[in-house]
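Written below as structure tokens is the structure these notes are about.
There are 2 protein chains.
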Amino acid sequence: MKTQLGSSNIHTLPEAGRKERDGSGCEACPVRESSMCAALSDTRLEVLDAAASRLSFEPDETILFESDPADFAFNLTEGVARVSKMLPDGRRQITGFLHPGDFLGLSYQDCYAYSAEAVTPVKVCRFRKAELNRIMRDHPDLEHRLLSMASNELALAHDRMLLLGRKSAAEKVASFLLSLPRKEERIDEIDLPMTRGDIADYLGLTLETVSRTLSGFVRQQIVRNATPRIIVVLDMARLSALAAGEGR
Amino acid sequence: MKTQLGSSNIHTLPEAGRKERDGSGCEACPVRESSMCAALSDTRLEVLDAAASRLSFEPDETILFESDPADFAFNLTEGVARVSKMLPDGRRQITGFLHPGDFLGLSYQDCYAYSAEAVTPVKVCRFRKAELNRIMRDHPDLEHRLLSMASNELALAHDRMLLLGRKSAAEKVASFLLSLPRKEERIDEIDLPMTRGDIADYLGLTLETVSRTLSGFVRQQIVRNATPRIIVVLDMARLSALAAGEGR
DNA sequence: CGTGCCTTTGACAAGTATCAACCCAAGTGG
DNA sequence: CCACTTGGGTTGATACTTGTCAAAGGCACG
Chain A
1 MKTQLGSSNI
11 HTLPEAGRKE
21 RDGSGCEACP
31 VRESSMCAAL
41 SDTRLEVLDA
51 AASRLSFEPD
61 ETILFESDPA
71 DFAFNLTEGV
81 ARVSKMLPDG
91 RRQITGFLHP
101 GDFLGLSYQD
111 CYAYSAEAVT
121 PVKVCRFRKA
131 ELNRIMRDHP
141 DLEHRLLSMA
151 SNELALAHDR
161 MLLLGRKSAA
171 EKVASFLLSL
181 PRKEERIDEI
191 DLPMTRGDIA
201 DYLGLTLETV
211 SRTLSGFVRQ
221 QIVRNATPRI
231 IVVLDMARLS
241 ALAAGEGR
Chain B
1 MKTQLGSSNI
11 HTLPEAGRKE
21 RDGSGCEACP
31 VRESSMCAAL
41 SDTRLEVLDA
51 AASRLSFEPD
61 ETILFESDPA
71 DFAFNLTEGV
81 ARVSKMLPDG
91 RRQITGFLHP
101 GDFLGLSYQD
111 CYAYSAEAVT
121 PVKVCRFRKA
131 ELNRIMRDHP
141 DLEHRLLSMA
151 SNELALAHDR
161 MLLLGRKSAA
171 EKVASFLLSL
181 PRKEERIDEI
191 DLPMTRGDIA
201 DYLGLTLETV
211 SRTLSGFVRQ
221 QIVRNATPRI
231 IVVLDMARLS
241 ALAAGEGR
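As they're listed, the protein sequences go chains A and B.
The numbering used here numbers the first residue of the first sequence as 1 and each following residue consecutively.
The numbering used here numbers the first residue of the second sequence as 1 and each following residue consecutively.
Have a look at this one:
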């Protein structure tokens, strides 16, 4: 098996203060920039922009595949993507959803350790890894930035291990809802661009359990369904308490 | 909540080829060096050695605590430690066991995101974070090395998410057994320095389930108990197949 | 206006957790 | 030296959360 650097999110950079996207006390996420290569541009490395090519992917198209040679790194500029690993019999674990600004495929390994597919229509800018490494040699700034992104990515991974290993279905779903980006204007409205099956594979549940848990939240007036893909938070306090695991 | 860089293992450095410690096809791990600051010494940064102080911890002593200011980073030189996160009601997830050569507490955040305690008697060398950062500015080598360690750490984290979210109890225990370091001489002998409770909190199970699963392996002649803390692999093929998730 | 995908809901099964008892080995103190 | 205590480990009975299998509703799209 090989490895790669996971997705990293500009919005979780320490410089910007860590935006809690997976854990307990999630605050509203600000609107994400989707400008080209936003995460790196402020390191004044315009040279990067020149090295990038722009690509689009339709829903369910594969962006990169679990064991293909890791020649490219990506920066998601539009849409939502999922990163996943599979067991030989088809069981799937989604290890993260990527949003604009997130990185993908950064690695020191020869092959990708996981697959990534578009959930919604996606635009990325793609860098040749070799070129990226060359640029990195000349610009320690960039490496520093990537290290801090990896550090944050790792912290999120640990939060998710706690979620997968120790939280109940209700706590998982609550955590997930609060981890999604929301618009400042509609702070109580949560958009779910992915299917129940995707959510289940992210939370280590089945799609039926996800559906039932959401129905339970509706019954308890914690949330309300605008559509199956848009839910409105009615009782943020209870949802947060659930996500934090303050019951059992 | 705050973040930090997780543990990183010199033996999983890309330069050395990735040693599979958590996933499916785990090969035998070589005996680990436990020389002082082994992981960094070969970057020719003797200056680091000067900046370090040596500390010892007895079993269950706290090395660092979940929300304390993250002033220090550690390199484990002897013994085994556990890294864990807790929910408010006491549920615990162990996110990793550290072995000699592993790093701990590297971070770009103000506070540690998790706790670490000694499992066996432990020796570490401790660096002041401020000093480490200063050294890093002068030696991009070091930063490069840390980034590659973080990248590998992240890959292991993703493997563990797959384990926690999608593997059965038997598959989890099998994966865990194969992820532990073994001596070359006694390649089929696995030493468990931690309690069943620790193993359970690492795998997202209860200690009873861990115990029963191990008993099951004994009954099926997959392993044999030398003592509760030392188990001998009898059927490596079946154990590996289980760990890889090739059944269900 | 089908057709297909996603979602919801129900009945039931299964895996794991919980609660409890007991065993064993290693201290500890009378 | 031995009774007692303590912490870890195993095992059993039972409960409960979640998974599995199945059916039906809703919505978009051709």
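Just so it is clear, CB atoms sit at the ideal spot from N, CA and C, and this is done for glycine as well.
Keep in mind the model is a prediction, meaning the values are calculated, not measured.
Mind checking which residues open and close the alpha helix (DSSP H) that includes Ala243/B? By one-based count along the second sequence, residue 243/B stands at place 243. 236 to 244 is the span of the alpha helix (DSSP H), which, as asked, contains Ala243/B.
Is there a C-beta anywhere in chain A that falls below 8 Å from the one on Ala118/B? Taking the first residue of the second sequence as 1, we reach residue 118/B at position 118. It does not; no Cβ of chain A falls within 8 Å.
Rounded to whole angstroms, what's the CA-CA distance from Leu242/B to Met136/B? Just pull it up for me. Position 242 of the second sequence holds residue 242/B. Position 136 of the second sequence holds residue 136/B. Straight-line Cα distance between these residues: approximately 43 Å.
Could you tell me how far apart the beta carbons of Leu163/A and Leu239/A are, in whole angstroms, since I believe they sit closer than 8 Å? Working through the first sequence from its first residue, we reach residue 163/A at position 163. Working through the first sequence from its first residue, we reach residue 239/A at position 239. No, Leu163/A and Leu239/A are not in contact; Cβ-Cβ is about 15 Å, not under 8 Å.
Spatial distance of Thr120/B from Glu58/B (CA atoms): Residue mapping note: residue 120/B aligns to position 120 of the second sequence, counting from 1. Residue mapping note: residue 58/B aligns to position 58 of the second sequence, counting from 1. Straight-line Cα distance between these residues: approximately 7 Å.
Can you list, in chain order, the stretches of the alpha helix (DSSP H) that have 4 or more residues and sit fully within the segment 164 to 199 of chain A? 169 to 179
Leaving out five residues before and five after Asp201/A in sequence, what residues of the same chain have Cβ atoms less than 8 Å from its Cβ? Within the first sequence, residue 201/A is the residue found at index 201, counting from 1. If we look at Asp201/A and ignore the five residues flanking it on each side, its Cβ neighbours are Ser84, Arg92, Gln93, Ile94.
Distance check for Leu203/B and Ile231/A, CA to CA, integer angstroms please. Here the question's residue 231/A lines up with position 231 in the first sequence. Here the question's residue 203/B lines up with position 203 in the second sequence. Their backbone Cα atoms lie some 33 Å apart in a straight line.
Measure from the C-beta of Gly204/B to each C-beta in chain A and report whether the shortest distance is under 8 Å. As a first step, residue 204/B is located in the second sequence; it is residue number 204 there, counting from the start. Under the Cβ criterion of 8 Å, Gly204/B is counted among the residues facing chain A.
Using the Cα positions of Pro181/B and Thr195/B, report the straight-line distance between them to the nearest angstrom. Reading the second sequence from its first residue, position 181 is the one you call residue 181/B. Reading the second sequence from its first residue, position 195 is the one you call residue 195/B. Taking the straight line joining both Cα atoms gives about 16 Å.
Considering Ile135/A, what are the terminal residues of the alpha helix (DSSP H) in which it resides? By one-based count along the first sequence, residue 135/A stands at place 135. For Ile135/A, the enclosing alpha helix (DSSP H) covers residues 129 to 138.
In chain order, what residues of the same chain have a beta carbon less than 6 Å from the beta carbon of Leu55/B, not counting five sequence neighbours either side? Translated into positions along the second sequence, residue 55/B becomes position 55. Val124, Arg126.
Separation of Ala70/B from Gln109/B, as counted between CA atoms: For the purposes of this step, residue 109/B is taken as the residue at position 109 of the second sequence. For the purposes of this step, residue 70/B is taken as the residue at position 70 of the second sequence. Their backbone Cα atoms lie some 7 Å apart in a straight line.
Beta-carbon proximity check, Tyr112/A vs Asp68/A, cutoff 8 Å: Position 112 of the first sequence, counting from 1, holds the residue named residue 112/A. Position 68 of the first sequence, counting from 1, holds the residue named residue 68/A. Yes. Within cutoff.
For Ala81/A and Phe103/A, believed in contact at Cβ under 8 Å, the rounded distance: Here residue 103/A refers to the residue found at position 103 of the first sequence. Here residue 81/A refers to the residue found at position 81 of the first sequence. That pair is no contact at about 11 Å.
Three-way DSSP call (helix, strand, coil) for Asp102/A in this model: Position 102 of the first sequence, counting from 1, holds the residue named residue 102/A. Strand at Asp102/A.
Inter-residue spacing [alpha-carbon to alpha-carbon] between Asp235/B and Ala51/A: The count along the second sequence starts at 1 and reaches residue 235/B at position 235. The count along the first sequence starts at 1 and reaches residue 51/A at position 51. Straight-line Cα distance between these residues: approximately 51 Å.
Between Thr209/B and Ala169/B, how many whole angstroms is the CB-CB distance? I'm expecting something under 8 Å. Sequence index remark: in the second sequence, residue 209/B carries index 209 (1-based). Sequence index remark: in the second sequence, residue 169/B carries index 169 (1-based). That belief holds up - the Cβ atoms of Thr209/B and Ala169/B are roughly 5 Å apart, short of 8 Å.
Contact with chain B by Leu76/A, beta-carbon distance below 8 Å: To locate residue 76/A, count along the first sequence from 1; it is residue 76. By this cut-off, Leu76/A is not an interface position.
Apart from the five residues on each side of it in sequence, which residues of its chain come closer than 7 Å, Cβ to Cβ, to Ser211/A? Walking along the first sequence from the start, residue 211/A turns up at place 211. Same-chain partners within the cutoff: Arg196.
Tell me, which residues are paired with Asn225/A by DSSP? For this step, residue 225/A is matched to residue 225 along the first sequence. Looking at the DSSP output, Asn225/A bridges to Ile231/A.
Taking Cβ-Cβ distances shorter than 9 Å, what residues in chain B pair up with Asp102/A? In the first sequence, residue 102/A corresponds to position 102, counting from 1. Residues of chain B passing the Cβ test: none, with the nearest at roughly 14 Å.
Beta-carbon proximity list for Thr206/A, same chain, < 8 Å, skipping 5 on both sides: Taking the first residue of the first sequence as 1, we reach residue 206/A at position 206. Ala200, listed in sequence order.
From which residue to which residue does the alpha helix (DSSP H) around Val218/A run? Against the first sequence, residue 218/A aligns to sequence position 218. From DSSP, the alpha helix (DSSP H) with Val218/A extends over 207 to 219.
Which one of Asn75/B, Glu117/B, Phe217/B, Ser151/B has the shortest CA to CA distance from Asp49/B? Counted from its first residue, the second sequence places residue 49/B at position 49. For the residues Asn75/B, Glu117/B, Phe217/B, Ser151/B, the minimum Cα distance to Asp49/B belongs to Asn75/B.
Based on DSSP bridge pairs, tell me the residues matched to Met86/A. Numbered from its first residue, the first sequence carries residue 86/A at position 86. DSSP lists Arg92/A as partners of Met86/A.
Ala70/A - DSSP class collapsed to helix/strand/coil: Locating residue 70/A in the first sequence gives position 70, where the first residue counts as 1. In the structure shown, Ala70/A sits in coil (DSSP, three-state: anything other than H, G, I, E or B).
Could you tell me whether any Cβ in chain B is nearer than 8 Å to the Cβ of Tyr114/A? Translated into the one-based positions of the first sequence, residue 114/A becomes position 114. True, the Cβ-Cβ gap to chain B drops below 8 Å.
Beta carbon of Ile63/B nearer than 8 Å to that of Ala118/B: Walking along the second sequence from the start, residue 63/B turns up at place 63. Walking along the second sequence from the start, residue 118/B turns up at place 118. Closer than 8 Å, so yes.
In chain B, what lies closer than 7 Å to Ala237/A by C-beta? Translated into positions along the first sequence, residue 237/A becomes position 237. Simply none; closest approach about 15 Å.
Going by alpha carbons, who is nearest to Ser175/B out of Val233/B, Pro88/B, Ser53/B? To locate residue 175/B, count along the second sequence from 1; it is residue 175. Of the candidates Val233/B, Pro88/B, Ser53/B, the one whose C-alpha sits nearest the C-alpha of Ser175/B is Val233/B.
By the DSSP assignment, the beta strand (DSSP E) with Ala113/A in it spans what residues? The sequence position of residue 113/A within the first sequence is 113, counting from 1. From DSSP, Ala113/A is part of no beta strand (DSSP E); its letter is neither H nor E.
With a threshold of 16 other CB atoms inside 10 Å of the CB of Val47/B, please say whether the residue is buried or exposed. Reading the second sequence from its first residue, position 47 is the one you call residue 47/B. The residue in question, Val47/B, is exposed, as its Cβ has fewer than 16 Cβ neighbours within 10 Å.
Along the beta strand (DSSP E) that carries Thr120/B, what are the first and last residues, could you check? Position 120 of the second sequence, counted from the start, is the residue given in the question as residue 120/B. Unbroken run through Thr120/B: none, as it is neither H nor E.
Throw me the rounded Cβ distance for the Asp89/B and Glu246/A pair, which I believe falls under 8 Å. The residue labelled residue 89/B in the question sits at position 89 within the second sequence. The residue labelled residue 246/A in the question sits at position 246 within the first sequence. Yes, they are in contact, since the Cβ atoms of Asp89/B and Glu246/A sit about 7 Å apart, within 8 Å.
If the cut-off is 9 Å on Cβ atoms, which residues from the segment 199 to 228 of chain B count as contacting chain A, listed in chain order? Asp201, Tyr202, Leu203, Gly204, Leu205
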